[in-house]
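Quick notes on the structure that follows.
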Amino acid sequence: MSNKQILIIDDDPDQRLSLRLPLESAGYIVHEAANTAQGLVAVKQVKPDLIILDVMMDTATAGFQLALDLHSPDPKSEYKEFRRTPIIMLTAIHSTTPLRFAPDEDYLPVEIFLEKPVEPEALLAKIKELLGE
Amino acid sequence: MTATRPTANQEAPQKPRVHPQRRSLLEAELVSSVAWIIKLRWIAGVGVLAATWLVENLFALDAAEVSLFGIGAAILIYNLVFYLVKRRLTRRVAPISSYYALAQWQVALDWLAMISLIYFSGGVESPVIFFFLFHIILASILFPTRTAFGFTFLAILLLTVAALLEYFGVVPHSPIRGFLQTPLYANGLYVSAILLFFSSTAIITAYLTTSIQANLRQREEEVVELSENLRRATVRLQALNEAARVVGSTLNLSQVLERLVRTTAEAMGVRACSIRLLDKSGRRLEPVAVYGLSQTYLNKGAVELDANPLAREVLSGKIVNIPDAPNSPLLQYPEEAKQEGISSMLSAPLIGKDGPMGILRAYAVEPNRFTPEDEAFLAAIAAQGSLAIENAMAYQAVEALDQAKSQFVRMVTHELRSPVSVIRSLMRTLTGGFAGSVTPQQKDILERVARRADFLQSLIDDLLDLAAGKIDVREREELKPVALRGALERVIRRFEVSAREKDLRLEWFDQTGGQPILVMGTADILDRIFNNLISNAIKYTPPEGRVTVTLARRDDEAQVTVEDTGIGIPEESMPHLFEEFYRAPNAKEMEREGTGLGLTIVKDLVTRMGGHISVKSTQNVGSQFTVTLPIVQPYDAIEADEPRRLEGAPG
Chain A
1 MSNKQILIID DDPDQRLSLR LPLESAGYIV HEAANTAQGL VAVKQVKPDL IILDVMMDTA
61 TAGFQLALDL HSPDPKSEYK EFRRTPIIML TAIHSTTPLR FAPDEDYLPV EIFLEKPVEP
121 EALLAKIKEL LGE
Chain B
134 MTATRPTANQ EAPQKPRVHP QRRSLLEAEL VSSVAWIIKL RWIAGVGVLA ATWLVENLFA
194 LDAAEVSLFG IGAAILIYNL VFYLVKRRLT RRVAPISSYY ALAQWQVALD WLAMISLIYF
254 SGGVESPVIF FFLFHIILAS ILFPTRTAFG FTFLAILLLT VAALLEYFGV VPHSPIRGFL
314 QTPLYANGLY VSAILLFFSS TAIITAYLTT SIQANLRQRE EEVVELSENL RRATVRLQAL
374 NEAARVVGST LNLSQVLERL VRTTAEAMGV RACSIRLLDK SGRRLEPVAV YGLSQTYLNK
434 GAVELDANPL AREVLSGKIV NIPDAPNSPL LQYPEEAKQE GISSMLSAPL IGKDGPMGIL
494 RAYAVEPNRF TPEDEAFLAA IAAQGSLAIE NAMAYQAVEA LDQAKSQFVR MVTHELRSPV
554 SVIRSLMRTL TGGFAGSVTP QQKDILERVA RRADFLQSLI DDLLDLAAGK IDVREREELK
614 PVALRGALER VIRRFEVSAR EKDLRLEWFD QTGGQPILVM GTADILDRIF NNLISNAIKY
674 TPPEGRVTVT LARRDDEAQV TVEDTGIGIP EESMPHLFEE FYRAPNAKEM EREGTGLGLT
734 IVKDLVTRMG GHISVKSTQN VGSQFTVTLP IVQPYDAIEA DEPRRLEGAP G
């Protein structure tokens with residue numbers, strides 16, 4: 001049993017539940033935040049090993065912005081200790097925004113994109129990979 | 134001073150308008166006549182000198198030599214003066230009155246020279262008397278009838294006075310000696326006869342010449358008038374034609390309005406033109422297009438129907454001609470019109486099928502500028518313009534509606550997506566046993582629910598695609614040259630596993646010889662097109678069948694053919710194949726779930742890329758879908774074609 005901490009930042013409680021169940025059954029300790037602001041507070045409190053982040057929350061790119069803040073290359077960033085914390089971004093492939101997301105390896109080195117709905121097995125596999133288990 | 138159509142232009146007595154072009158033609162005639170007479174006079178002057186010399190030396194007659202030479206010289210001298218004056222007038226483009234004065238001076242001096250010549254060559258006995266007739270002819274050509282007759286009577290008077298003075302011995306007789314044996318100047322009968330015949334000949338000459346001249350002038354005026362009418366008619370016809378072209382050429386409302394005002398002002402040759410349209414309240418007129426008016430004038434204030442009798446009258450369907458705008462009681466802002474320098478206005482109603490829409494108005498600097506023809510013309514432009522404006526407005530409304538509808542569909546679809554997505558996620562946790570174990574029967578039910586949720590998801594996704602495709606062109610993703618082969622190969626790779634699982638052969642043939650094939654589109658559009666076609670082929674082909682994808686080039690077009698050995702399409706289903714939600718009965722039988730939107734989306738996307746799709750099929754044998762896309766030249770390329778990886782690659 002792993003005792004790694006995972007933070008889910010998603011504004012949909014049902015979506016959070018659907019993520020929590022497989023994670024807990026795999027032995028992870030799961031924390032939740034319902035929006036960007038809560039997420040930033042929780043990050044500092046929980047100091048998660050991995051973050052699952054919904055891209056579309058308050059705005060169409062709120063999650064994206066949060067990931068940029070956490071992974072800021074600025075050495076004075078208040079989140080600099082989370083710069084290497086892996087983030088799994090949940091996206092909808094049929095996004096209504098013209099922005100199409102794709103992993104940009106130069107800019108966001110430790111981010112993985114997963115399409116909704118999430119297959120629990122696929123999610124767990126990705127997490128294992130990211131946490132080096 | 135205002136008047137509506139029936140009484141327009143009957144007030145304010147008009148000066149007969151001399152059209153610039155007509156005046157200039159008559160001017161040109163006078164100017165050329167003056168020059169011509171100056172040329173003739175050189176000959177006349179030299180002629181007098183030569184004749185005098187001949188008379189003296191060859192015929193050995195004795196004339197009043199000094200006087201005759203003097204007259205010849207005087208003619209040449211004053212002709213030189215006239216010549217110089219004329220040259221100066223020509224240089225600085227003098228007004229026509231100067232030429233008229235010059236002509237009168239010429240005739241006056243010619244008359245003086247002529248009577249002197251007659252006197253010194255024997256008065257009533259003189260053989261040169263009849264030379265006066267030339268002068269009369271010239272005067273008749275140069276001047277209007279009345280002036281010509283004046284000069285004729287002056288000639289008769291001069292000759293009569295000279296004859297009488299000689300007859301009564303008041304002045305000495307000055308004959309050419311040796312010409313006549315017996316002097317006749319004192320012979321009353323002879324003198325009366327000569328005067329009588331000269332007078333009648335002079336009057337008849339003047340009469341004939343002026344009549345012919347008057348006739349010619351009238352014809353000329355008619356021709357000038359006609360050609361002027363023709364010119365104006367042509368300009369207006371062009372303007373009407375332009376207005377008609379505007380109706381057809383654009384559906385952009387502001388462009389239609391802007392072209393209408395410019396065309397109208399230019400065709401009528403007036404200072405300005407404007408279009409005001411009724412606002413939503415129907416009580417105010419808002420300027421929507423203006424040509425030639427100052428901002429100050431436009432900012433003069435709102436045009437309220439309640440305060441504006443003119444607007445009310447025009448909107449009731451009348452053409453209103455205001456010949457004296459600053460003093461018109463119909464105007465809401467006469468003072469502002471005065472400051473703007475506008476003296477007359479002509480307004481025509483713009484009437485749509487639901488009643489009056491607004492006013493088309495022409496503004497002129499000159500008072501009383503607009504004629505009944507102008508009224509008819511503006512009415513015609515307004516009729517054409519109303520049509521154009523209405524069409525553009527209708528189009529705008531449809532465009533807005535279409536956009537709103539698409540926006541709505543997108544929003545609704547998005548709102549549908551998230552709960553379905555969450556349902557599917559939650560179902561996965563149950564079927565995956567992450568929320569505790571379930572019985573086999575419960576698991577079966579959960580899986581059925583999950584399948585339905587999956588179908589709902591794909592239906593929503595397709596609807597979203599369809600709605601996205603119908604969004605206004607400007608909002609669509611920018612099309613750019615993309616490599617067709619690369620996109621195709623990516624899709625084929627994606628289906629390799631599912632084809633193998635179903636025991637199908639998925640074949641890929643590139644018949645282009647490997648040259649880059651670029652088409653206008655986006656990688657995403659190409660992906661969706663071929664994803665749909667190939668997944669259909671795999672879905673509807675029974676195991677051990679074959680799916681073949683071929684890329685070929687036909688001139689400037691790329692052809693992608695997706696062929697299968699599947700269930701085929703029944704003939705009666707062919708016409709409905711691309712209809713939204715349509716599914717062929719044999720397809721439904723084979724695959725219960727399917728949205729019937731895939732081919733609709735494919736056709737929509739192919740059309741967006743400027744291509745077309747065709748289908749051939751035989752039931753129980755197979756189907757063949759061919760997508761044809763126009764090829765763009767490589768130098769337009771942004772994305773280079775990828776090297777081929779599949780064909781000939783090991784494994």
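Protein chains in written order, with this note's numbering: chain A, 1 to 133; chain B, 134 to 784. Built from N, CA and C at the ideal position, the CB exists for glycine as well. Predicted, not measured: the structure shown is a model, and the values here were computed from it.
Ends of the alpha helix (DSSP H) at residue i?
i: I274(B); result: F265 to L275
i: D14(A); result: P13 to S25
i: R619(B); result: Here the sequence assigns Gly to residue 619(B), which means Arg is not the residue at that position. Where G619(B) is concerned, the enclosing alpha helix (DSSP H) stretches over L617 to E634.
i: F113(A); result: Segment E111 to E115 is the beta strand (DSSP E) holding F113(A); no alpha helix (DSSP H) there.
i: V447(B); result: P442 to L448
i: I658(B); result: A656 to K672
i: Y252(B); result: I229 to F253
i: T293(B); result: T278 to Y300
i: P305(B); result: Unbroken run through P305(B): none, as it is neither H nor E.
i: E129(A); result: P120 to L131
Measuring alpha carbon to alpha carbon, tell me which residue in the options is nearest residue i.
i: I650(B); options: A691(B), E611(B), F628(B) and S631(B); result: A691(B)
i: V179(B); options: W169(B), E189(B) and F202(B); result: F202(B)
i: K749(B); options: V735(B), R221(B), A521(B) and M707(B); result: M707(B)
i: E640(B); options: Q648(B), M742(B) and G678(B); result: G678(B)
i: R174(B); options: I593(B), L242(B) and L163(B); result: L242(B)
i: E726(B); options: I734(B), A717(B) and S449(B); result: A717(B)
i: K736(B); options: G646(B), R687(B), P459(B) and I662(B); result: I662(B)
i: I667(B); options: V630(B), T280(B), L463(B) and N524(B); result: V630(B)
i: D412(B); options: R310(B), P489(B), A376(B) and F714(B); result: P489(B)
i: M57(A); options: L7(A), L68(A) and A34(A); result: A34(A)
i: S427(B); options: Y340(B), G415(B) and E469(B); result: E469(B)
i: L710(B); options: A720(B), L732(B), S476(B) and T728(B); result: L732(B)
i: L493(B); options: E611(B), A444(B) and Y318(B); result: A444(B)
i: W584(B); options: L599(B), F567(B), E611(B) and I556(B); result: Correcting the residue identity first, residue 584(B) is Arg in this sequence and not Trp. Residue I556(B) is the option with its Cα nearest to R584(B).
i: A422(B); options: L213(B), V403(B), L762(B) and V389(B); result: V389(B)
Give me, in chain order, the residues of the same chain whose beta-carbon lies closer than 6 Å to that of residue i; leave out the 5 immediate sequence neighbours on both sides.
i: Q752(B); result: G701 and P703
i: F510(B); result: R369
i: V304(B); result: L298
i: L99(A); result: In this prediction, L99(A) has a pLDDT of 38, which is less than 50 and means its spatial position is unreliable; nothing more can be read from the coordinates.
i: T343(B); result: S273, T278 and A281
Within the continuous beta strand (DSSP E) that includes residue i, where are the two ends?
i: D643(B); result: R638 to D643
i: I6(A); result: Q5 to I9
i: S756(B); result: G755 to V765
i: G485(B); result: S477 to G485
i: T681(B); result: R679 to R687
i: V453(B); result: V453 to I455
i: I29(A); result: I29 to A33
Once the 5 residues before and after residue i are set aside, which same chain residues still bring their CB inside 8 Å of it?
i: W238(B); result: F215
i: V218(B); result: L235
i: K486(B); result: E523
i: I133(B); result: For chain B, the structure presents residues 134 to 784; residue 133(B) sits outside this window and is missing.
Leaving out five residues on either side along the sequence, give the residues of the same chain with a beta carbon under 7 Å from the beta carbon of residue i.
i: A670(B); result: V680, V695, D697 and G699
i: V615(B); result: L651, V652, G654, T655, A656, L659 and E772
i: P22(A); result: P120, L123 and L124
i: A272(B); result: V240, A281 and F284
i: S95(A); result: Residue placement at S95(A) is flagged as unreliable, the pLDDT there being 44, under the threshold of 50; a coordinate-derived value is accordingly withheld.
i: A600(B); result: S539, V542, R543 and T546
Contacting positions in the region 118-129 of chain A - beta carbon closer than 8 Å to chain B: V118, E119, P120 and E121
Within the region 693-749 of chain B, ranges of the alpha helix (DSSP H) (whole runs, at least 4 residues): 718-723 and 731-741
Minimum length 3: unbroken beta strand (DSSP E) runs contained in the region 40-103 of chain A: Listed in chain order, the complete beta strand (DSSP E) runs (minimum 3 residues) inside the region 40-103 of chain A are 50-54 and 87-91.
In chain order, each beta strand (DSSP E) run of at least 3 residues that lies wholly inside the region 402-432 of chain B: Counting only runs of 3 or more, we get 405-411 and 417-424.
Within the region 493-524 of chain B, ranges of the beta strand (DSSP E) (whole runs, at least 3 residues): Annotation: the region 493-524 of chain B contains no complete segment of the beta strand (DSSP E) (minimum length 3 residues).
Residues within the region 541-556 of chain B neighbouring chain A, beta-carbon criterion of under 9 Å: R543, M544, T546, H547, R550, S551, P552, V553, S554, V555 and I556
Against chain A: residues of the region 747-768 of chain B by CB proximity under 9 Å: none
Interface positions of the region 560-580 of chain B facing chain A (Cβ-Cβ less than 7 Å), listed along the chain: Here the close residues are R561, T562, G565, F567 and A568.
Complete beta strand (DSSP E) runs within the region 350-376 of chain B (minimum length 3 residues, chain order): Runs of the beta strand (DSSP E) inside the region 350-376 of chain B: none found.
The region 588-601 of chain B: positions lying closer than 7 Å to chain A by Cβ: D594 and L597
Members of the region 10-21 of chain A that neighbour chain B once the beta carbon cut-off is set at 8 Å: D12, D14, Q15, L17, S18, L19 and L21
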